[in-house]
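Visitor:
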Amino acid sequence: MKIYDNKKNPSAIKKTRVGKEKKLKEYNHLKIEHKWQVEWEKKKLYEVKNGTKGKRFYGLIEFPYPSGAGLHVGHIRSNTAMDIITRKRRMEGYNVLYPIGWDAFGLPTENYAIKTGIQPEKVTKINTDVFRKQLKSIGFGFDWSREVNTTDPAYYKWTQWIFLQMYKKGLAYKAKTNINWCPSCKIGLANEEVVGGECERCGTETTKKVKEQWMLAITKYADRLDRDLDKVDYLEKIKVGQRNWIGKSEGSQIKFKIITSGNFSSDPRMREDEEPDHLENISTQSDFVEVFTTRADTIFGATYIVLAPEHELVAKLKPQITNWNEVKEYITEVKDKKDIERIAEEKEKTGVELKGIKAINPANNEEISIWIADYVLATYGTGAVMAVPAHDERDYSFAKKYGLPIKQSIMPVYGKSTENEEFRYAVSAFVRRPSDGKYLFINSKQFNKISKVYGGIEKGESITEAGIREVFEETGYKTKLVRDLGFSIQSHFYHPDKKIYRKLVSELVELELVDDKKYEIDQEEVLLHEEIWMTLDEAKLVISEKKELHDFEILSGKFCFIDDGILSNSGEYNNLSSEEAREKITKKIGGKIVTKYKLRDWVFSRQRYWGEPIPIIHCDKCGIVPVPEKDLPVLLPKVKSYKPTDSGESPLSIISKWVNTTCPTCGGKAKRETDTMPNWAGSSWYYLRYADPKNKKEFASKKALNYWMADGVNWYNGGMEHVTLHLLYSRFWHKFLYDLKLVPTSEPYIKRTAHGMILAEGGVKMSKSIGNTIDPKDIVATYGADTLRIYEMFIGPFDQTVSWSTDSIIGSRRFIEKVWRQSFKVSLQKDNKKSSPQLITVLHKTIKKITEDIESMSYNTAISSMMVLVNEMEKAENIEKKDFKMFLQILAPFAPHITEEIWANLGEKKSIHKSNWPKWDKKKIVDEMVKIIIQVNGKIRGEMMLENNTDEEKAKKEALKNKNVLIWLEGKEIKRVIYVKNRIINIVV
RNA sequence: GCCCGAGUGGCGGAACUGGUAUACGCGCACGACUUAAAAUCGUGUCUCGUAAGGGAUGUGGGUUCGAUUCCCACCUCGGGCACCA
């Protein structure tokens, strides 16, 4: 039985001893921790003043959402990490800002209010009180005088104010947009509230609904948000996440001419009812369709065009579309599609051809069909794509379903792609773009006569069939060109992976394209190691549909054929990288190079209650009118019911007293905007408010911002779950404020790190329903805050997900107790004798390690090295007071209470947390004697103690004295000796 | 599918720019103290072998005097994005 299991007996340690007779004061964490928490608050130890001279440091953590569940152990992990950093900075002489506040608007509180009828303000008050108390019990060095709360009108006044500035600059606008709609609850849902296509609360399938929403034009900042990531020090994966979200991609915008059936060259069927002058009706703006592509180099393989169903051209072309009813039906169908259906459909694509019109591929003047399909997004690019089924998976599956032509247009040049690296695939996967490979453009009119001339391959010169064979053979691949039945087939099956290769061969056998007797695929080693070219059975190929062959080609991804060669019109692009080809081709056909972003404007309103009211008035005469700044804040009124109305409007909409107002411009009748802001609004700028939290005239004074934000927040740590949206949104707001010259920097955070999650025991998520949550309160009561802090930092690498293990906490507690006992050993020493040189070396090494480890957030190794030091102290006969104090100082950021207590017990008057961070002595971290490992041929055969920095000659001499080493050297000639100073000597025989 | 990250004892995890693999902690075993237990302290704890010695850092190769670390291929797990042309 473990004594610590008993919560009612928090201090299990009754009596501990040192030496043989002296009784010690017991370590009562409850008493000590409470005492110092009160003391620090009384002395305002962690409160900072603006404008103090000297170095300053702003450390930030994500302010918590005060949920009813109370503080989570995960909060403690991230808060402690920054607490350690800020405490170290304070001891290093910085003026440190480490603030805290509450991100208190949000759905859980609102849902609770709906359920219980208790006002959200009251719920928030209760929850923040609990959180505050809990945070204080852990001993964080927050400056509580700067506490902010997003739901406080004095705070959200400025959230509204910033919104108004955005409105004035045209960045905030109201527009119709697609939202998730729950037909049962009759509310719009945030994406996070939709789980698997169902409403989180009632389980009803959600649909899309077009609704008017307030939007913020974050897309106008897309470029800067992407570019400026180069300026900041974020974890690489965070940058990747941001870049991924912004989704910058450079491509080409290309116009495809549209023609009507009268002008079709290949289709002889004419529409009988067509008016002769129909062509004139197609206006100049709509006689082409503009597509966006990143792969303009594959344009010779573009065999059809696809428009998003919502594309404006579809409606414009209505008179020319002969199957309009069908088209219309499809558009309606897509619009009403439920989310759940879309998910269930997965990759099965649907679409309808726009009959009666065609497009001209500007690269080769071929007529291609035009389709609408919902796999093309209206919101990205131009809402239209050129489909290249041979080189794009989505186009491929669509083409296959509707029997559209598939035309291959590129293949990599065999051989070497870069100087050192051999090209990995004999024939590349078509879809992938080889990173640095040069292309061979092929653009075959299938089964034509052989053309004699191939496009230039290496040096741009034309070469013959024989020439191309040479190229292949040079690179080590066997080739076989077959000339028969009027066309030539060159085919190559090869894949370095045996499994894939074998599958390929068996597929071919199944298709009866190769003779299974020739290729004994069942035998392990036959054919599988070598690169083998196969010749298709020509006769069979003719019989088989050519489409099938192409299908197979794409499916396998490793099988290519060149029939009658390379078209002259694409041949000129041969031997270019895809980037070069894209640019050249785009230019030639009159397209332009453009940059597009995935990022979309931020839906900035919600229809429910618990958020900041959007400070806008709708006037019948004047339209949308912003609330005058002097009337801010627009207070969130009290309501009777927090439920949304039947029509899905905010509950605010039924309070006519609040809604009905007068227009600030004309004084006429007007209505207030009833939408509120989303959860992310208040958290987009809170770090600025901390600089000057009580300011009534500005969101923060220039002076305060110039002081704390001169470079931006120095270090911001938070969860991985917030590194895309929250980080992006706040960077956007900050840049906007920077443009208004209201903040001194263009980026809010200089450095951003992220902590790993804490899972419950067994690696599963902590959840109330499973009942595996850990309440920090219990741990603090039983083991103490210092132990909890040490434990959470020791549990594993800070940036990684870890599992909670209550059994392991005891180790951290034991460490704390050892420190406690050692302190008595120090204070009871009669004469303050010097510590041994060995102990001093360990101490200084530890100081160095802790100093560095905190900077890299390697808290787990920092603690382990302190444990090593304490173990050394236990063994030591004497510990000089000053040495022990240095140790206390490096431990202080981790365990602030016990170190403060011991510090005081040792006679210090000033707080340890205001003392100066100890410096390690370079001379003292050098061991006098070092252990050298002796190896013979890389195997360890002995070890020896040598003086530090012994030279090679001497080391060799010493090593050759070792008996065991000599045994291994007997009768052998020493060829070489490798000596690494202070580490190893390796004798090669 | 794509993009990251990670695979080391019974467990959480260490290992600097390639240089004694398993630090530190948990657990376990034995011992000291104790009437006894707890706590504390000490010793041991990858594996085969009596030993000398050999084998182990997901798997298979490579570079090197020497590889957990570098290179290549593959397997497994975790996270993020997901029709973004």
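The numbers in the first sequence follow the numbering used here, run straight up by one, and end at 989. All residues carry an ideal CB built from backbone N, CA and C; glycine is no exception. Owing to the predicted nature of the structure, the values given are computational and were not obtained by experimental measurement.
#1: Would Q838 and M91 qualify as a contact pair, given that the criterion is a beta-carbon distance under 8 Å?
#2: In or out: A302 buried (at least 16 other Cβ within 10 Å) or exposed?
#3: Mind checking who G59 pairs with in its DSSP beta bridge?
#4: Give me the Cα-Cα distance between S491 and Y396, rounded to the nearest whole angstrom.
#5: Could you tell me the alpha carbon to alpha carbon distance between C653 and E629, rounded to whole angstroms?
#6: For V930, which option in L969, I984, T806 and K885 has the closest C-alpha, if you only look at C-alpha atoms?
#7: Pairing CB atoms from the region 224-236 with CB atoms from the region 745-761, are three or more of them under 8 Å?
#8: On the DSSP bridge list, what partners appear for I360?
#9: Can you name the start and end residues of the alpha helix (DSSP H) that K885 belongs to?
#10: Pairing CB atoms from the region 149-167 with CB atoms from the region 631-648, are three or more of them under 8 Å?
#11: Tell me the rounded alpha-carbon separation between N714 and E747.
#12: Just to confirm my understanding: we take P615, look at its own chain, exclude 5 residues before and 5 after, and list those with CB closer than 7 Å. What are they?
#13: For S911, which three-state DSSP category applies?
#14: Quick check on the burial criterion: 16 or more other C-beta atoms within 10 angstroms. Buried or exposed for A862?
#15: Do the region 140-160 and the region 681-692 touch if we need at least three Cβ pairs shorter than 8 Å?
#16: Please state the DSSP three-state secondary structure of N95.
#17: In whole angstroms, give me the CA-to-CA distance for N871 and F815.
#18: On the three-state DSSP scale, how would you describe A895?
#19: Output yes or no for whether 8 Å exceeds the beta carbon distance between L906 and S858.
#20: Since M873 and L891 should fall inside the 8 Å C-beta cutoff, what is the C-beta to C-beta distance between them, to a whole number of angstroms?
#21: Return helix, strand or coil for K125, following the three-state DSSP convention.
#22: Just list the residues that DSSP pairs V289 with in beta bridges.
#23: Tell me whether R672 sits in a helix, a strand or coil according to DSSP, three-state version.
#24: In chain order, what residues of the same chain have a beta carbon less than 6 Å from the beta carbon of K257, not counting five sequence neighbours either side?
#25: Any contact between the region 119-126 and the region 692-701? By contact I mean 3 or more CB pairs, one from each, below 8 Å.
#26: From which residue to which residue does the alpha helix (DSSP H) around A704 run?
#27: Please go through the same chain and pick out, in chain order, the residues whose beta-carbon is closer than 8 Å to the beta-carbon of F131, but skip the five residues on each side of it.
#28: Just the C-alpha distance for R253 and K621, rounded to the nearest angstrom, thanks.
#29: If I measure Cβ to Cβ from N860 and keep anything under 8 Å in the same chain, skipping five residues before and after, which residues do I get?
#30: Bridge partners of R146, per DSSP?
#31: Helix, strand or coil for R295, going by three-state DSSP, please let me know.
#32: How should T52 be labelled, buried or exposed, when 16 other C-beta atoms within 10 angstroms of its C-beta is the threshold for buried?
#33: Report the rounded CA-to-CA distance for V594 versus I585, giving the unit in angstroms.
#34: From which residue to which residue does the beta strand (DSSP E) around E212 run?
#35: Using the three-state DSSP reduction, which class does L906 fall into: helix, strand or coil?
#36: Can you grab the Cα-Cα spacing for the pair G251 / T293, in whole Å?
Guide: Walking through what the data contain:
#1: Looking up residue 838 in the first sequence gives position 838. Looking up residue 91 in the first sequence gives position 91. No.
#2: The residue labelled residue 302 in the question sits at position 302 within the first sequence. When all chains shown are included, A302 counts as buried.
#3: Position 59 of the first sequence holds residue 59. Looking at the DSSP assignment, G59 forms a beta bridge with W715.
#4: As a working mapping, residue 491 is identified with position 491 in the first sequence. As a working mapping, residue 396 is identified with position 396 in the first sequence. Because the pLDDT at S491 is just 34, under 50, the model does not fix this residue reliably, and the value given afterwards should be weighed accordingly. Cα-Cα distance, rounded: 21 Å.
#5: As a first step, residue 653 must be located in the first sequence, where it is residue number 653. As a first step, residue 629 must be located in the first sequence, where it is residue number 629. Correcting the residue type first, residue 653 is Ser in the shown sequence and not Cys. Looking at the two C-alpha atoms, the distance is approximately 22 Å.
#6: Position 930 of the first sequence holds residue 930. Of the candidates L969, I984, T806 and K885, the one whose C-alpha sits nearest the C-alpha of V930 is I984.
#7: Verdict: yes, contact present.
#8: Numbered from its first residue, the first sequence carries residue 360 at position 360. Beta-bridge pairing links I360 to K257 and E367.
#9: In the first sequence, residue 885 corresponds to position 885, counting from 1. It spans K881 to L891 - the alpha helix (DSSP H) in which K885 sits, taken as one unbroken run.
#10: In the pairwise beta carbon analysis, the region 149-167 is classified as touching the region 631-648: at least three pairs are separated by under 8 Å.
#11: Mapped onto the first sequence, residue 714 falls at position 714. Mapped onto the first sequence, residue 747 falls at position 747. Looking at the backbone, the Cα of N714 and that of E747 are separated by about 11 Å.
#12: As a first step, residue 615 must be located in the first sequence, where it is residue number 615. Result list for P615: Q160, F163, L164, P626, V627, L632 and V634, in chain order.
#13: Translated into the one-based positions of the first sequence, residue 911 becomes position 911. In this structure, S911 counts as coil in the three-state DSSP scheme.
#14: Against the first sequence, residue 862 aligns to sequence position 862. Answer is buried; the Cβ neighbour count reaches 16.
#15: With a cut-off of 8 Å on Cβ pairs, the region 140-160 is in contact with the region 681-692, counting three or more such pairs.
#16: Numbered from 1 along the first sequence, position 95 holds the residue referred to as residue 95. When secondary structure is reduced to three states using DSSP, N95 falls in the strand class.
#17: In the first sequence, counting from the first residue as 1, residue 871 sits at position 871. In the first sequence, counting from the first residue as 1, residue 815 sits at position 815. The alpha-carbon atoms of N871 and F815 are separated by roughly 9 Å.
#18: The count along the first sequence starts at 1 and reaches residue 895 at position 895. Looking at A895 - three-state DSSP - the assignment turns out to be coil, as it is neither helix nor strand.
#19: Numbered from 1 along the first sequence, position 906 holds the residue referred to as residue 906. Numbered from 1 along the first sequence, position 858 holds the residue referred to as residue 858. Not in contact: L906 and S858 (Cβ atoms no closer than 8 Å).
#20: Indexing the first sequence from 1 puts residue 873 at position 873. Indexing the first sequence from 1 puts residue 891 at position 891. That pair is no contact at about 12 Å.
#21: As a first step, residue 125 is located in the first sequence; it is residue number 125 there, counting from the start. Three-state DSSP puts K125 in a helix.
#22: Counted from its first residue, the first sequence places residue 289 at position 289. Paired residue(s): F256.
#23: Position 672 of the first sequence, counting from 1, holds the residue named residue 672. Residue state, collapsed to three classes: strand.
#24: Here residue 257 corresponds to residue number 257 of the first sequence, with the count starting at 1. Cβ neighbours of K257 beyond the five flanking positions: F288 and I360.
#25: Taking a cut-off of 8 Å for Cβ pairs, the region 119-126 and the region 692-701 do not touch, as fewer than three such pairs fall below it.
#26: As a working mapping, residue 704 is identified with position 704 in the first sequence. It spans K702 to W708 - the alpha helix (DSSP H) in which A704 sits, taken as one unbroken run.
#27: If you number the first sequence from 1, residue 131 lands on position 131. So the qualifying residues of the chain are P64, P66, G70, L71 and W102.
#28: In the first sequence, the residue the question calls residue 253 occupies position 253. In the first sequence, the residue the question calls residue 621 occupies position 621. The amino acid at residue 253 is misidentified as Arg; the sequence shows Gln. Rounded to the nearest angstrom, the two C-alpha atoms are 42 Å apart.
#29: As a working note, residue 860 is residue 860 in the first sequence. Excluding positions up to five away in sequence, the list reads M793, F794, I795, G796, P797 and F798.
#30: Taking the first sequence and counting its residues from 1, the one referred to as residue 146 is at position 146. Paired residue(s): none; R146 is not in a bridge.
#31: In the first sequence, residue 295 corresponds to position 295, counting from 1. Coil, per DSSP.
#32: Residue 52 sits at position 52 when you count from the first residue of the first sequence. Result: exposed.
#33: Here the question's residue 594 lines up with position 594 in the first sequence. Here the question's residue 585 lines up with position 585 in the first sequence. Rounded to whole angstroms, the gap between the alpha carbons of V594 and I585 is 14 Å.
#34: The sequence position of residue 212 within the first sequence is 212, counting from 1. Unbroken beta strand (DSSP E) run through E212: T207 to L216.
#35: By 1-based counting over the first sequence, the position of residue 906 is 906. The three-state secondary structure of L906, taken from DSSP, is coil.
#36: The count along the first sequence starts at 1 and reaches residue 251 at position 251. The count along the first sequence starts at 1 and reaches residue 293 at position 293. As the crow flies, the alpha-carbon of G251 is around 5 Å from that of T293.
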